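All remarks here apply to the structure that follows.
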Amino acid sequence: MQNKNLRALTEGAVMVALSIALSFLKIPIGAGFGGFGGSIDLVMVPLIIYAVRYNAAWGLGAGLVFGTIKYFLGGSAIDWVSIIFDYSVAYMFVGFAGLLNKTYKTLPLAALVGCFGRFVIHFISGVTVYAKWMPEEFMGISGMTPPLYSLLYNGTYMLPNTILAIAVCAALIVPMQKLDKTKK
9 MQNKNLRALT
19 EGAVMVALSI
29 ALSFLKIPIG
39 AGFGGFGGSI
49 DLVMVPLIIY
59 AVRYNAAWGL
69 GAGLVFGTIK
79 YFLGGSAIDW
89 VSIIFDYSVA
99 YMFVGFAGLL
109 NKTYKTLPLA
119 ALVGCFGRFV
129 IHFISGVTVY
139 AKWMPEEFMG
149 ISGMTPPLYS
159 LLYNGTYMLP
169 NTILAIAVCA
179 ALIVPMQKLD
189 KTKK
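So this is what it looks like as structure tokens:
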């Protein structure tokens, strides 16, 4: 394939499809924390690899497409703002992993950057959109403030997801280098 943009677009579609497939393999954890959402899964790993493989711009685009499709394939939201924040923009920010697109050795750090980007958007959504539904007591702590609630709630699923993404990306460094001899 000589057209690099066509190759990037095609690989992006494959990685988005892989992320969608992985979204059905999840460990829901929200029920234990008041019946809300949140799960542990591997959906960010293909998006992170794609962003590192190409760059942040391509990664942001793939994340945006994935997040939007993910909502329409079974996402839940309270209004259109939460759809945009918690799906489209949150997964788009995973694409910032592409800021470290020089070598596959940066995959674990790129995973941290991408996961942190997603967490920031979920945190903002929790402080702004979900603040009016914040319980008086959460995880045994009373006197919740919107920032504390958002930090605790989003941390319950984003921290395990971040650790898992970093571990998987670390395990994929050598296979990715062997797969793509042009990036060392």
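Note that this note's numbering gives residue 160 to position 152 of the sequence shown, counting from 1, and the numbers run on in steps of one.
Cβ coordinates follow ideal geometry from the N, Cα and C atoms, glycine included.
Computed from a predicted structure; not experimentally measured.
Presumed contact (8 Å Cβ cut-off) between residue i and residue j, rounded CB distance
i: PHE131; j: SER158; result: 5 Å
i: ILE35; j: SER47; result: 6 Å
i: PHE146; j: LEU167; result: About 16 Å; that fails the 8 Å criterion.
i: TYR58; j: ALA70; result: 5 Å
C-beta atoms of residue i and residue j nearer than 8 Å
i: PHE74; j: VAL24; result: yes
i: ASN63; j: ASN109; result: yes
i: VAL53; j: GLY106; result: no
i: ILE77; j: ILE28; result: yes
i: LEU72; j: ASP49; result: no
i: ALA85; j: CYS177; result: no
Closest by C-alpha distance to residue i, when choosing among the options
i: LEU156; options: ILE181, ILE171, THR136; result: THR136
i: LYS189; options: GLY134, LYS113, ALA118; result: LYS113
i: ILE37; options: ILE174, ASN169, MET184, PRO183; result: ASN169
Backbone CA spacing between residue i and residue j [nearest angstrom]
i: THR164; j: VAL89; result: 22 Å
i: ILE129; j: ILE171; result: 18 Å
i: GLY82; j: LEU115; result: 29 Å
i: MET100; j: PHE124; result: 12 Å
i: LYS12; j: ALA65; result: 14 Å
i: LYS4; j: VAL51; result: The question about residue 4 has no answer here: the residues shown for the chain are numbered 9 through 192.
i: VAL182; j: THR111; result: 11 Å
i: PRO143; j: ILE149; result: 10 Å
i: SER133; j: LEU33; result: 25 Å
i: ALA173; j: PHE93; result: 21 Å
Boundaries of the alpha helix (DSSP H) in which residue i is found, first to last residue
i: GLY46; result: Here GLY46 belongs to no alpha helix (DSSP H), and DSSP marks it neither H nor E.
i: TYR161; result: 154-179
i: PHE74; result: 64-80
i: VAL193; result: The requested residue 193 is not part of the displayed model; the chain covers only 9 to 192.
i: THR18; result: 12-30
Residue i CB to nearest heavy atom of the ligand HEM below 7 Å
i: SER158; result: Absent from the structure shown: the ligand HEM. Ligands present: none.
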